[in-house]
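Working notes, beginning with the structure itself.
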Amino acid sequence: MVQSQVALDRTFAALSDPTRRAILLRLGGGTGTSIGSLSEHFEMTLTGFQKHVRILEEAGLVTTEKVGRVRQCKLGPKRLEDVAKWMATYRTMLEQRLDNLEDFLERTKGTP
Numbered sequence: 001m002v003q004s005q006v007a008l009d010r011t012f013a014a015l016s017d018p019t020r021r022a023i024l025l026r027l028g029g030g031t032g033t034s035i036g037s038l039s040e041h042f043e044m045t046l047t048g049f050q051k052h053v054r055i056l057e058e059a060g061l062v063t064t065e066k067v068g069r070v071r072q073c074k075l076g077p078k079r080l081e082d083v084a085k086w087m088a089t090y091r092t093m094l095e096q097r098l099d100n101l102e103d104f105l106e107r108t109k110g111t112p
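Using UniProt numbering, the final residue of the sequence shown is 112, and nothing's skipped along the way.
So, in structure tokens, the structure goes:
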């Protein structure tokens, strides 16, 4: 439980940055892309970009692999699936609360 909580915290921390979310969007196609070519879409140094990729990799959101002289980067969908499951739990609870509120409002409709 503690380990999964740490992983979840690390994932949300990684997702809190707009640059890192943009990187994930660019990788959404599923095919690997070199870090160099991926970095061309962002106005920052390659070193700064690599730090963002490293944070995403530590969070399990991307994987990198050296292929020849080029480091390839791919989306790691398992961690995103874990986050989606976690959020689905809260979505279900929220929907239940909204349903309860709707029922209450219907029952008390027209009463002073």
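In this text, a Cβ means the ideal position worked out from N, Cα and C, and glycines have one as well. What you are looking at is a predicted structure, and each value in this text was computed from that prediction instead of being measured.
If I'm right that F49 touches S39 with Cβ under 8 Å, what's the distance once you round it to whole angstroms? 4 Å
Enumerate in chain order the residues of its own chain whose CB-to-CB distance from residue 113 is below 8 Å, with the five nearest sequence positions on each side excluded. The structure shown has nothing for residue 113, since the chain only spans 1 to 112.
Quick one: any contact between the segment 58-68 and the segment 17-27, if contact means 3 or more CB pairs under 8 Å? yes
With a 10 Å radius around its C-beta and 16 neighbouring C-beta atoms as the bar for buried, classify V70 as buried or exposed. exposed
Is there at least one non-hydrogen atom of the ligand ATP closer than 7 Å to the beta-carbon of T19? With respect to the ligand ATP, the structure shown offers nothing to examine, as it has no ligands at all.
With respect to the beta strand (DSSP E) encompassing E65, which residues constitute its N-terminal and C-terminal limits? 62-67
Local conformation of K51 per DSSP, three classes: helix
Look up S16 in the DSSP assignment and say whether it is helix, strand or coil. In the structure shown, S16 sits in coil (DSSP, three-state: anything other than H, G, I, E or B).
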